[in-house]
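Residues in the sequence shown are numbered consecutively from 3, following my numbering. What follows is a short report on a single structure.
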Amino acid sequence: MGIFRRIAGVAGSLCLFWAALDATAADTKAPWWKHALVYEIYPRSFGDSNGDGVGDLNGINAHLDDLEKLGVDAIWIAPMYPSPQADFGYDISDYQAIDPQYGTMADFDRLQQAAKQRHIHVILDMVMNHTSDHHAWFVESASSRNNPKSDWYVWNDGIPADTAHLSAVQRRNIHDGKAPPNNWESMFGGSAWQWVPARQQFYYHRFYIQQPDLNWRNPDVEKAMFGAIRFWLDRGVDGFRLDAISVLFEDTELRNDPERPGTNAQGEPNLNYLYSDKLPEVHGVMRRLRALVDSYPGQRVLIGETYEPNIKLLDEWYGTKEAPQLQLPMNLQLGFGWQASFDATWFRKRLQESQQVHGQPLLVVDNHDNPRSIDRFGDGTHDVERAKVVAAALLTSRAVALTYYGAPIGMTTATPTRVEDVRDPVGVTGWPKDKGRDGERTPMQWTSGAQAGFSTSPKTWLPVNPNHATVNVEDEWKQPESLLNWHRQLIALRRDNPALRDGAMTFLDNDNPNVLVYRREGTRPVLVMLNFSGSAQPVPKRLMQGKIRTLAASEDSLREVATLDEASLPAYSAWVVTSD
Ligand code: NOJ
């Protein structure tokens, strides 16, 4: 979806190579998350245990064996707290409970215990920027101007409706003679301000109207949110994925964001979020939050939703050694940058840059907000071959890898074809330019049977993709060459092979427009060769002398090759070798 793909630029050539510092050191004391494969679960869509057509916690529990078999180290569960589901859980009405449609607290405890038995860590989604408008905090805050929580959200009187130079978005949002205080737009379209007659004031919402932004300048807000975080840390969760953290703070003067050329899917001017995104105060919150999670035993981890246009800005989210912030801010540049394409040069540049951060990199190519990577990087004919190359890049780099349910089997994006079928509200307001995010959220495809084994109900919350007849877990486990078994093989390899686990990345043959090559260093280096082109390519000269051993090859013909001399890489292939 367009709005989440707003990152574009490319960092200049930073030559820091911090990564090299821990190049060959045996990383035996590394925290569990440092080489992890994290698997994102969208709970509505993963497994439905009670036949209501919506996934639930017991449905996740029922499929843990598959995740263990795949080699998953941690699951990140998208919000499963009570919510009116305006944004399918990202509008939380109670931070310390489970939404009844997903189960009970006892179900959660059982899930956590069952995951731990399988060495799978549990990471929750924490939405700190906003609550639901049904949250008791907001209900109280909205009730009057002088209640104890009156300042917990971002309230403003607005400005006279006849003020000169109002933006079109402001002009469309006039109430009782007042216009919103500035031109800020919601990420989901329209003005970011909503009028509340009881207060005769506007409140600010970066996302849907039902998601009022908390006022992080009020210390009570931080106290309350950290309290909710403690609640889950006390329950034993291994960490959090922090939603929308870059927009926690807004300019105190509420200055207009400058306009950029062009319009968004809703037809409104694009803005440069100078005064509503990435204000420096957010880093203070991150530092205090890190201190909080570090005060708990057991290597709890903070993962950030950090869409940044370049690596230098991404690096800021790690903080410093003395004042650390997030262990794992997401690098979304490789997967979702504006110019992201299935191209050796793109992948080389972004992978090289991904190493230029102070901490451990985390790469993401799929999530619940963007069309699936198999479609974005596919050409409609060689989608699975290309997906194998992308998976190889993700899983043989030095970064923590984050995958999304369905990606390892090659689930495709199933965007609704009629506006009346759309469930994601932004797909309704943005239709047909932005059809929303339903396409990447369809039910998990476990089998070729009824409802893909997701649910016993024929009425699932989103339709099951008919391609479950061939794209499904059960069948793919049985096919040695499947995308699923390819993932499983690479995940095992990166866990067991010391060079793939810890070794620095040395990029080779850097001008090659077709083949991306890198070596993972170690006493026994490993060579990764990825052919992004549609034709066979010669293996670059002098990469590895003597006899080689194939650790993984996406094409059968490569498995028996004994040396790299004269070898060639079939179209869209991935080959991982070491010396014999
Ligand atoms: C980012 C989440 O990934 C997205 O799904 C959600 O709509 C927004 N944040 C608002 O919480």
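Using N, Cα and C, we set each Cβ at its ideal position, and we do this for glycine too.
Sequence-distant residues of its chain with Cβ nearer than 8 angstroms to residue i (five each side left out)
i      : result
Phe228 : Arg290, Leu291, Leu294
Pro572 : Asn533, Ala538, Glu557, Ser559, Leu560
Ser459 : Asp50, Gly53, Asp54, Gly55, Gln453
Val424 : Pro418, Val430, Trp433, Lys437, Gly438, Asp440
Pro150 : Glu142
Asn272 : Glu261, Arg262, Pro263, Gly264, Thr265, Asn266
Val519 : Phe509, Leu510, Asp511, Leu529, Val530, Met531, Leu532, Pro542, Leu545
Pro84  : Ile94, Ser95, Asp96, Ala99, Ile100, Asp101, Pro102
Ile125 : Val40, Ala76, Ile77, Trp78, Ile79, Val239, Asp240, Gly241, Phe242, Arg243, Val303, Ile305
Own chain, CB closer than 7 angstroms to residue i, minus 5 neighbours either side, in chain order
i      : result
Gly73  : Leu39, Arg490, Ile493, Ala494, Arg497
Ile376 : Asp385, Ala389, Gly412, Thr414
Ala116 : Asn63, Leu66
Ser570 : Ala538, Gln539, Pro540, Val541
Glu70  : Arg120, Ile122
Check whether residue i and residue j have beta carbons under 7 angstroms apart
i      : j      : result
Asp253 : Gln203 : no
Pro182 : Ser193 : yes
Trp154 : Val198 : no
Val367 : Gly337 : yes
Phe242 : Leu334 : no
Leu250 : Trp218 : yes
Tyr298 : Gly361 : no
Arg201 : Arg147 : yes
Pro527 : Ala501 : yes
Asp135 : Trp186 : no
Gly61  : Ser47  : no
Phe140 : Pro45  : no
Tyr206 : Ala88  : no
beta-carbon residue i near ligand 3 non-hydrogen atom, thresh 6 angstroms
i     : result
Tyr97 : The model on display carries ligand 1 but not ligand 3.
Any non-hydrogen atom of ligand 1 closer than 6 angstroms to residue i Cβ
i      : result
Phe209 : yes
Asp245 : yes
Asp135 : no
Tyr92  : yes
Asp504 : no
Asp368 : no
Asp371 : yes
Asp222 : no
Asp436 : no
Asp89  : yes
Per-residue burial, residue i [other beta carbons within 10 Å of its own, 16 or more giving buried]
i      : result
Asn474 : buried
His123 : buried
Glu562 : exposed
His370 : buried
Gly105 : buried
Leu404 : buried
Gln329 : buried
Glu568 : exposed
Pro331 : buried
Trp340 : exposed
Gly382 : exposed
Glu283 : exposed
Cutoff 6 angstroms; reference residue i; Cβ partners in own chain excluding five residues on either side
i      : result
Pro326 : Arg292
Ser484 : Glu478
Gly536 : Ala573
Phe233 : Gln98
Val466 : Pro445, Gln453, Ala454
Leu486 : Pro410, Ile411, Glu478
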